[in-house]
Amino acid sequence: MNASNFSKECDFEHADTIMKYFQMVIYIPTFILGLILNLLALWVFCCFWKKWTESSIYMINLALMDLLLLFSLPFKMYYSIQKRQWFLCTFIESLYFVTMYGSIFLIACISLDRYIAIRHPFQARIFRSPRRAGMTCCCVWVVVWLGSIPMYNLKNTDNFRCFHNMSDQTWSMPVILSVEIFGFLIPFTVMVYCSVKIIQTLRKDKNQRKKRSEQVTSVWIIAANLTVFMVCFTPVHVGIFLQFLVRRHIIVDCSVKQSISLFIQVAMCLANVNCCLDAICYYFTAKEFRKKTYFKDLAKPFSVSQASTG
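The following block contains the structure:
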């Protein structure tokens, strides 16, 4: 959603040149490492899982989202410097944002699922089940794909460049408010609330006190998940808001515009690192995952309680 060449009096070629090299530095290792880790996660989930749980269903869908985003990265690098092939470029753009926001929603769902399991164990028997988890994931897939449809009509065809030069309609207040509130602020609020409540519960759990090391590990894992979410996705949405102010002519200084353009592109690159971090979190947060791998002995020092996995 970065902008380029949308202002005649400002030149953004310097920022775009920097990003050509920065994208390669970030995307190539992210693609290779993320592909290996997420394929390994899917292999373990699908081949060694005796019984599917709510956690496993959410994590499988999250791994699929991450893989689709990873597959879009090489095309994103290629099409970002092309001025033609409108439909293919727009499809890649849609796929990129679908998977990014799909990951955000699924991470929030995982936090909510664990919150219900830990804070409300009796109600969890009613609200939690593999079937409901599967239905929730299906709803996420449908919502993010339907949300991507307007992208095919929100692109400037004049001086067309992929991942650049979005139309003014894209930066309208309804679109940006929807992205910021429903795409980030609500999932972020859900994750913060659930994570804080889960940590409070783990600290107060009398049974956990008997296993202090496991309790500390569980708390650190929940806190790490929240931190990763904040670090990966907060800068992107700050950048989107700043770019909205630019496109609404609230920010008019050329140097500030150039800095914002560079900032949002860098933030989007760093957000994609979440694909690798998600895969690492699979290993530490799913007790069943560690039991089914050949690295069981290595995982023993990092064992997490049943409560922390939901």
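With this note's numbering applied, the sequence shown covers 25 to 334.
Backbone N, C-alpha and C fix where the C-beta goes; we use that ideal spot for every residue, glycine too.
Residue i vs residue j beta-carbon contact at 7 angstroms
i, j, result
"R138", "I222", "yes"
"T213", "R143", "no"
"K281", "C113", "no"
"M175", "S127", "no"
"I140", "R152", "yes"
"L130", "L64", "no"
"G263", "I245", "no"
"F55", "L93", "no"
"C186", "Y103", "yes"
"S285", "C218", "no"
"M215", "A291", "no"
"S172", "S96", "no"
Run of the alpha helix (DSSP H) containing residue i, from where it starts to where it stops
i, result
"K74", "Counting along the chain, K74 falls outside any alpha helix (DSSP H), and DSSP gives it neither H nor E."
"T213", "I210 to K228"
"S202", "M197 to E204"
Legend entry - Continuous alpha helix (DSSP H) assignments of at least 4 residues falling wholly in the segment 265-302: 278-295
Inset, instruction - Specify whether the segment 290-307 and the segment 49-63 touch according to this definition: at least 3 beta carbon pairs, one from each stretch, less than 8 angstroms apart. - result: yes
Legend entry - Start-end ranges of the alpha helix (DSSP H) lying completely within the segment 90-168, minimum 4 residues: 110-143 and 145-151
Inset, instruction - Could you tell me whether the segment 115-123 touches the segment 40-53, using the rule of 3 or more Cβ pairs below 8 angstroms? - result: no
Inset, instruction - Evaluate the contact criterion for the segment 74-94 versus the segment 144-164: three or more CB pairs, one atom per stretch, below 8 angstroms. - result: yes
Inset, instruction - Check whether the segment 287-299 touches the segment 241-261, taking contact to mean three or more Cβ pairs, one atom from each stretch, closer than 8 angstroms. - result: yes
Inset, instruction - Enumerate, from N- to C-terminal direction, the unbroken beta strand (DSSP E) stretches of 3 or more residues contained entirely within the segment 37-86. - result: none
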